[in-house]
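Here the sequence shown stands for residues 258 to 320, where the numbers follow the numbering used here.
From the three backbone atoms N, C-alpha and C, an ideal C-beta is built for every residue, glycine too.
Below is one structure, written out as structure tokens; comments come after it.
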Amino acid sequence: MSPFPRTFIRKNTVLLTTAFAGAFAFELTFDIASNKVWDTWNHGRQWKDIKHRYMVKEEEDDE
258 MSPFPRTFIR
268 KNTVLLTTAF
278 AGAFAFELTF
288 DIASNKVWDT
298 WNHGRQWKDI
308 KHRYMVKEEE
318 DDE
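The following block contains the structure:
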């Protein structure tokens with residue numbers, strides 16, 4: 258067996274820790290990438306892009 262699998266499969270706790278850490282890293286990376294793609298495709302059509310048109314500053318309300 259090569260050294261890489263031998264290091265991570267020797268003990269069950271190490272295998273589970275590696276699996277959970279890998280799943281967490283994958284989920285975080287996938288979430289960031291999918292949000293980036295969504296924001297790129299929908300730029301200018303999301304609330305964060307157009308809210309300045311509809312939100313009135315408090316200074317203007319006082320006048």
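Range of the contiguous alpha helix (DSSP H) that encloses residue i
i      : result
VAL294 : 269-298
ARG263 : 260-266
LYS308 : 304-311
Rounded separation between residue i and residue j - CA only
i      : j      : result
VAL313 : PHE261 : 59 Å
GLY301 : LYS293 : 14 Å
ARG310 : ALA290 : 28 Å
ALA280 : VAL271 : 14 Å
TRP295 : THR286 : 14 Å
GLN303 : THR264 : 47 Å
PHE283 : PHE277 : 10 Å
ASP288 : ASN299 : 16 Å
ASN269 : SER259 : 18 Å
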